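Notes follow the structure.
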Amino acid sequence: MKAMRPRAGGLDAPSARSRFPGSFPSPLQSHGVATAVFRALLGILGWGYSIIGVSPMRFLEGIGKLGSIALLMLPPDTGTWSKFLVYLHALAETVAIALLGTLAAAVVAFPVALLASRNVLASRVVHFASRRILDCVRGVDELIWALVWINVVGLGPLAGVLAVATANAGIFGKLFSEAIEASSRGPVEGVLSTGGNDGHALRYGLLPQVVPVLLSQVLYYFESNTRSATIIGIVGAGGIGLHLSEQIRVLEYQHVSAIILMILVAVASIDRLSSGPRLSIVGNRPVART
Amino acid sequence: MLANIHRLPDYVVRIFRLDDGRPVWMDVRDWMWGFTYWMKLMGETVLIACLGTVTDAIGGFVLCFAASANIAPNRWTRSSARRCLEFCRTVPELVFALLFVQAFGLGPLPGVLAIAIHTAGAPGKPFAEAVENIDMGPVEGATSCGASRIQAIRYAIMPQVASNIAGYALLRFEINVRGAAVMGFVGAGGIGQDLIEAIRKFYYPDVSAMLVLIVLCVTTIDLATERLRHRLLGWEQQR
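This is the structure:
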């Protein structure tokens with residue numbers, strides 16, 4: 000009895016793997032690797048928890064307390080209507096911070112993105128420098144920016160707007176420059192060849208290609224910024240976060256759950272409102288990778 | 000209202016000057032006087048992010064099978080798992096951290112849990128979508144051989160989604176390091192506690208030193224995980 004069938008065309012395992020990669024399992028698929036990775040994860044988990052000094056007792060105690068806090072939260076209640084109106088006003092302020100911050104970020108980021116994209120400006124130095132600056136701005140969290148801006152312009156919603164604007168300018172700069180680099184060279188060359196100057200090429204060749212993409216990114220980030228703007232108030236930069244952290248600190252849990260509920264409703268309705276125009280601008284394609 | 004905006008450059012210049020007025024790079028040793036202490040805090044920050052991500056990856060992993068349309072036992076499980084994930088995603092992690100600090104006390108544990116809960120909501124959806132995009136053939140094969148639901152997940156689904164999910168988890172880790180850096184603002188461990196103190200008390204050179212350390216650390220982790228993710232994607236495409 001033959002142990003093996005003759006190989007088709009002298010194909011052995013390694014060359015078959017390189018020719019038909021789809022028919023072979025990928026490295027992660029082999030159970031040995033997957034199991035090892037899983038065990039390593041569990042190991043990291045145990046080791047890390049022991050380093051930060053967590054005992055099962057403390058954990059269970061905390062869970063118990065968390066349960067009683069959750070019970071204290073029910074039912075959500077703001078006490079008086081005037082309090083409710085105060086929270087509503089703060090919520091509106093939060094949405095305004097997110098909106099203004101996102102818009103300002105887009106306005107600031109666009110010229111920087113032009114500098115940072117390889118196909119607009121040939122200078123490698125400018126390109127490299129603007130990229131690194133964007134990286135640095137992005138590396139610092141929104142909340143840290145809020146603290147810095149509070150030191151600069153004082154407490155209040157303006158610091159919040161500026162913090163949202165700075166943090167998002169870094170993100171937009173990167174996303175915009177990627178969109179610009181992905182645009183086609185054709186229309187720009189067309190405008191230049193008919194005697195247009197660089198400004199014309201930018202306005203009539205490049206912008207029509209990238210504006211829909213940029214708009215959808217801005218809308219998407221407006222949604223996510225309404226979420227993150229709710230916490231900016233925790234450090235004193237305006238919006239509902241101030242009330243939220245205050246009520247948590249004074250243990251008014253019914254107010255806390257009411258505020259969280261209001262935030263959820265606001266975020267959900269903004270998602271609804273802005274996903275309509277966003278989808279009609281670009282269709283159902285993913286906007287952001289980060 | 001915008002009258003004070005021109006003070007930002009002043010502020011930036013100010014934080015890069017030592018107390019005696021020299022720029023910080025003239026005397027790096029003096030500037031980085033707390034280097035080992037800050038690096039320890041930075042290590043704690045990364046540890047918080049790491050633990051949060053791993054805890055959540057395991058939790059989100061369980062939930063995503065409940066949330067994806069082709070695997071979930073029934074509609075009720077699926078929609079309640081989805082609502083749960085949405086709730087976790089919408090409430091910012093700092094709010095969770097504030098609540099957990101009250102329940103678990105100050106320290107890194109509430110930070111870890113807040114990150115775990117918030118991220119369980121964030122990648123839960125892409126996880127669920129990854130599971131929905133699998134090839135159902137192996138699952139049918141496994142169940143037709145008499146495999147239970149758990150066994151089918153283990154041998155038919157996990158091999159298909161493992162690299163995809165690992166990629167998402169790495170991406171989240173990257174984001175969580177940034178998130179963990181501010182956890183200390185509400186007393187939940189990491190470098191944030193010292194940073195907010197330095198900013199509030201106007202210890203200018205310390206602010207810039209910690210910011211530089213954070214940015215360097217975040218960038219390094221970004222680059223490392225990006226390379227890893229590209230390799231994972233490469234494996235994915237070979238399949």
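Residue numbers (numbering that gives the first Met the number 0), protein chains in the order written: chain L, 0 to 289; chain C, 0 to 238. Every residue gets a Cβ at the ideal spot worked out from N, C-alpha and C, and that includes glycine. Since the model is a prediction, treat every value here as computed from it, not as a measurement.
Any C-beta of chain C under 8 angstroms from that of residue i
i: Phe77(L); result: Per the sequence presented here, residue 77(L) reads as Thr, with Phe not at that position. Not closer than 8 angstroms to any Cβ of chain C, the Cβ of Thr77(L) fails to qualify, so no.
i: Tyr48(L); result: yes
i: Leu272(L); result: no
i: Leu174(L); result: no
i: Val234(L); result: yes
i: Arg277(L); result: no
i: Asn319(L); result: Lying before the first or after the last residue shown, residue 319(L) is absent from chain L, which here runs from 0 to 289.
i: Asn118(L); result: no
i: Asp197(L); result: no
i: Arg38(L); result: no
i: Arg130(L); result: no
i: Ile68(L); result: yes
i: Leu243(L); result: yes
i: Lys82(L); result: no
i: Val94(L); result: no
i: Gly100(L); result: no
i: Ser227(L); result: yes
i: Ile280(L); result: no
i: Val125(L); result: no
Bridge-paired residues (DSSP) for residue i
i: Arg16(C); result: Pro22(C)
Span separating the alpha-carbon of residue i from that of residue j
i: Glu225(C); j: Tyr167(C); result: 11 angstroms
i: Gly47(L); j: Ser207(C); result: 29 angstroms
i: Arg315(C); j: Arg81(C); result: Residue 315(C) lies beyond the stretch modelled for chain C, which goes from 0 to 238, so this question has no answer here.
i: Phe201(C); j: Gly238(L); result: 24 angstroms
i: Leu212(C); j: Met41(C); result: 8 angstroms
i: Asn163(C); j: Leu232(C); result: 8 angstroms
i: Val217(C); j: Gly153(L); result: 28 angstroms
i: Arg74(C); j: Ala151(C); result: 19 angstroms
i: Val214(C); j: Leu17(C); result: 20 angstroms
i: Pro22(C); j: Val11(C); result: 12 angstroms
i: Arg148(C); j: Leu44(L); result: 26 angstroms
i: Met0(L); j: Ser17(L); result: Because the pLDDT of Met0(L) is 43, which lies under 50, any placement of that residue in the model is unreliable, and the question is left without a value.
i: Tyr86(L); j: Asp270(L); result: 20 angstroms
i: Ile62(L); j: Asp193(C); result: 28 angstroms
i: Val181(C); j: Val119(L); result: 36 angstroms
i: Glu245(L); j: Val185(C); result: 12 angstroms
i: Ser274(L); j: Cys87(C); result: 20 angstroms
i: Ile195(C); j: Gly183(C); result: 8 angstroms
i: Ala267(L); j: Leu260(L); result: 11 angstroms
i: Val212(L); j: Leu205(L); result: 12 angstroms
i: Val46(C); j: Met38(C); result: Per the sequence shown, the amino acid found at residue 46(C) is Leu instead of Val. Whole-angstrom Cα-Cα distance: 12 angstroms.
Residues near residue i by beta carbon distance below 7 angstroms, same chain, minus five either side
i: Val217(L); result: Thr101 and Ala105
i: Leu240(C); result: Missing from the structure shown is residue 240(C); chain C here goes from 0 to 238 and no further.
i: Tyr252(L); result: Ile68, Leu71 and Met72
i: Val136(L); result: Thr165, Ala168 and Gly169
i: Ala178(L); result: Val209, Val212 and Leu213
i: Thr77(L); result: Phe83, Tyr86, His254 and Ala257
Selected residue, minimal CA-CA separation from residue i, among the options
i: Ala97(L); options: Arg117(L), Ala168(L) and Phe109(L); result: Ala168(L)
i: Trp32(C); options: Ile116(C), Pro204(C) and Ile220(C); result: Pro204(C)
i: Ile4(C); options: Leu157(L), Ala108(L) and Ile43(L); result: Leu157(L)
i: Ile133(C); options: Val185(C), Thr35(C), Ala197(C) and Ile156(C); result: Ile156(C)
i: Ala164(L); options: Trp144(L), Ile149(L) and Gly155(L); result: Trp144(L)
i: Ser116(L); options: His126(L), Leu263(L), Asn224(L) and Phe109(L); result: His126(L)
i: Ser129(L); options: Val139(L), Glu141(L) and Pro110(L); result: Pro110(L)
i: Ala115(C); options: Val185(C), Asp221(C), Ile195(C) and Cys49(C); result: Cys49(C)
i: Thr44(C); options: Ile195(C), Asp221(C) and Ala187(C); result: Ala187(C)
i: Pro107(C); options: Ala200(L), Ala181(L), Ile51(L) and Gly155(L); result: Ile51(L)
i: Arg38(L); options: Ile57(C), Asp26(C) and Ile47(C); result: Ile57(C)
i: Ala108(L); options: Leu174(L), Val124(L), Ala228(L) and His88(L); result: Leu174(L)
i: Arg184(L); options: Leu260(L), Ser81(L) and Leu201(L); result: Leu201(L)
i: Ile220(C); options: Ile149(L), Gly138(L) and Ile262(L); result: Gly138(L)
i: Phe83(L); options: Ile262(L), Pro186(L) and Ala236(L); result: Ile262(L)
Test: residue i CB closer than 8 angstroms to a CB of chain L
i: Gln101(C); result: yes
i: Leu222(C); result: no
i: Asn175(C); result: no
i: Val91(C); result: Just to set this straight, residue 91(C) is Pro in the shown sequence, not Val. For Pro91(C), the answer is yes, since a Cβ of chain L falls inside 8 angstroms of its Cβ.
i: Tyr10(C); result: yes
i: Ala180(C); result: yes
i: Pro107(C); result: yes
i: Cys49(C); result: yes
Close Cβ partners of residue i (< 6 angstroms) along its chain, the five nearest in sequence each way excluded
i: Ala113(C); result: Glu92, Phe95, Ala96 and Phe99
i: Ala265(L); result: Leu90
i: Leu113(L); result: Val119
i: Trp30(C); result: Val23, Pro204 and Ala208
i: Val160(L); result: Ile96, Leu99 and Gly100
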